[in-house]
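Notes to accompany the following structure.
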Amino acid sequence: MANTKSKKTTSKKTSSKPKAVAGKSVKTERAETATTSASAIASKGGNPLKGFFAKKCDKDENILTIFKSPRIWGALVGELVGTMLLTILMITLGVYQPLYILIGVIAITMAVYAFSGAHLNPAVTVGMMATRRVSAIRGVLYIVAQIVGAWLGLIIMSGFRTMGEDATELPAITALTDATLWKNIFIEFLGAAVIGFFFCRAQSYRTPKGAFTYAAVVAGGLTLAVLFAVVISSNYVGLSSNFVLNPAIAIMEQIFPSVSDGFGELMGSVAQSSLVYILVPMIGAVGGFFLADASKKLSGEE
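Residues 1385 to 1686 (my numbering) make up the sequence shown, in order.
Structure (C-alpha cells):
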C-alpha cells in the first residue's frame, strides 16, 4: 500500500505542467499565442478582420443617458481646457519649434487624458467616432467643447496682443488659390492621417500607469505630422507652411474670408477653406485610424 501511494504522488508531481517554458517569458508566450491564433484563422480561411467595425464604446450611451453621470462634464471641461492650451501653444510657438511642441503636447495630454482621452482635435474625435470608440453624441459634444476651447485660447492671446504697443499680429491662414488648393489638401490629409494613426495606437497604452507612454505617442505623432508638413510645404511644393492639421484651431486662425467681390465668390472661398482645413483633416484622421486598426487585427495583437 505504501508503494502504491508513493507512485500516485510521484505521478501527480510528474504530470503537473510548468507555469512557463524555460527560456521564455510570459509576454513572449502571449505574443506567440496571439500570432498563432491569427495564423490559424488565416489558414482556416476565416476573416482576420472579423469584428473590425464592432462597437467599442458604451452600447447604452445615447442622448438620453449620457448626462446621467457627471463624468461627461469632466470630460467636456478637459477637452475645452486642453484645446485652449493647445491653441495658445500653437499660436505662440507656431510650427517651427518641434521640440517645444513635443514637450507642450505631452504636458497637456497628461493633464487631461484621464478625463476624456485628450482628443483636443475634431479630426481625432471623428476618427474615434468612425472606429466606434466613442458614441456619436459624445463625439459631437467633444467637438463643440474643442471649438469653444480654441475660441477661448484665441481671445486670451488677443487680449495679450492688445496690451503691447508693438505687438505682432496673430497668425492667419493665407487665402487659397487654384494653384495651391491641391497642395494644401495633400499636406492636410497626410498630416491628419499621421496624427490619427498615432492616436489610435496610443489607445493600447491608456491605463492609469501608462499616462506618459500614452502622451508620448500622441505628442510624437503630432510632432512628426508637423515636421512632415513643414518640410513638404517648404521644400517640395513651395508653400509657406500654410497648414493647421486641427479644424478647431483652423477656424480660429481665420480660414474663412470676410470680404469678396460677390456673394458667389465669397461662398466659393468659404467652401474651399472648409474642404481643405475641416473636411480633409477629418477624412485623413479616419484613414489613419482604420490603417492602425487593420494593422492591429492582421498582426493578431490583443
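Even for Gly, the Cβ is constructed at its ideal location relative to N, Cα and C.
- Collapsing the DSSP output to three states places residue 1442 in coil.
- For residue 1515, there is no enclosing alpha helix (DSSP H), as DSSP marks it with neither H nor E.
- Inter-residue distance for residue 1460 and residue 1449 is about 16 Å (C-alpha atoms, whole angstroms).
- Around the Cβ of residue 1581, a 10 Å sphere holds 16 or more other Cβ atoms; the residue is buried.
- About 16 Å separates the Cβ atoms of residue 1619 and residue 1568, ruling out a contact at the 8 Å cut-off.
- Counting the other CB atoms within 10 Å of its CB gives residue 1431 a total below 16, which places it among the exposed residues.
- Restricting attention to 1637, 1662 and 1531, the CA atom closest to the CA of residue 1557 is found in 1637.
- By a beta-carbon distance limit of 8 Å, residue 1673 does not contact residue 1493. Their separation comes to about 17 Å.
- Residue 1533 carries a helical assignment under DSSP once its states are collapsed to helix, strand and coil.
- By the 16-neighbour rule on beta-carbons within 10 angstroms, residue 1444 is exposed.
- The C-alpha of residue 1436 lies about 33 Å from the C-alpha of residue 1465.
- In this structure, residue 1632 sits near residue 1506, with a CB-CB distance shorter than 9 Å.
- Taken in chain order, the whole alpha helix (DSSP H) runs of length 4 or more contained in the region 1597–1652 are 1631–1636.
- Residue burial annotation: residue 1561 is exposed, with fewer than 16 other C-beta atoms found within 10 angstroms of its C-beta.
- Rounded to whole angstroms, residue 1603 and residue 1467 show a C-alpha spacing of 14 Å.
- In the three-state reduction of the DSSP assignment, residue 1470 falls in the helix class, which pools H, G and I.
- Residues 1466, 1493 and 1496 of the same chain have their beta carbon placed closer than 6 Å to that of residue 1502, with the five preceding and five following residues left out of the count.
- By alpha-carbon distance to residue 1453, the top candidate from 1588, 1575, 1439 and 1522 is 1522.
- For residue 1609, the closest of 1659, 1554 and 1571 by C-alpha to C-alpha distance is 1571.
- Just so you know, the alpha carbons of residue 1458 and residue 1526 end up roughly 11 Å apart.
- Assigned with DSSP and collapsed to three states, residue 1437 falls in coil, not helix or strand.
- Going by C-alpha positions, residue 1606 is about 8 Å away from residue 1486.
- In the displayed model, residue 1479 falls within coil according to three-state DSSP, outside both helix and strand.
- Our two residues, residue 1643 and residue 1654, have alpha carbons roughly 11 Å apart in a direct line.
- Between residue 1433 and residue 1678, the C-beta spacing is below 9 Å.
- If you ignore the 5 residues before and after residue 1616, its C-beta comes within less than 7 Å of the C-beta of 1571, all in its own chain and listed in chain order.
- Sequence-distant Cβ neighbours of residue 1621 in its own chain, meaning closer than 7 Å and more than five residues away, are 1567.
- With respect to residue 1554, residue 1545 sits close: the two C-beta atoms are nearer than 9 Å.
- Around the beta-carbon of residue 1565, fewer than 16 other beta-carbon atoms lie within 10 Å, marking it exposed.
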